[in-house]
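To start, the structure itself, in structure tokens.
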Amino acid sequence: MDAITNVPAPYNEPIGTFAPGTPERAGLEQGLKDLVATTHELPNVIGGKKVMATGEKIEVRSPHEHSRV
11 MDAITNVPAP
21 YNEPIGTFAP
31 GTPERAGLEQ
41 GLKDLVATTH
51 ELPNVIGGKK
61 VMATGEKIEV
71 RSPHEHSRV
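The opening position of the sequence shown corresponds to residue 11 in our numbering, with each subsequent residue numbered one higher.
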């Protein structure tokens with residue numbers, strides 16, 4: 011056994027192009043559609059405990075797309 015070790019060179023995964031018509035783009039678009047279609051609860055956290063609102067629900071708009079609720 012040698013005292014000199016050979017560490018393999020690191021390599022990154024190939025980066026997807028996300029160009030129109032690619033599987034990466036289709037998966038991304040479907041994931042975004044699924045995310046937009048779901049409703050999320052936004053609890054307040056006070057003192058490390060979730061405090062759920064029991065009053066009237068309000069609309070929360072995305073800061074980058076105000077036309078969508």
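Virtual Cβ for every residue (Gly too), placed ideally from N, Cα, C.
The structure displayed is predicted, hence computed values, not measured ones.
When DSSP reads this structure, Lys43 sits in no beta bridge, so it has no partner.
In the three-state reduction of the DSSP assignment, Glu66 falls in the coil class. Between Pro53 and Lys43, the CB-CB gap reaches or exceeds 8 Å. Per DSSP, Val17 is not a residue of any beta strand (DSSP E), being assigned neither H nor E. The continuous stretches of beta strand (DSSP E) do not include Asn22, and DSSP gives it neither H nor E.
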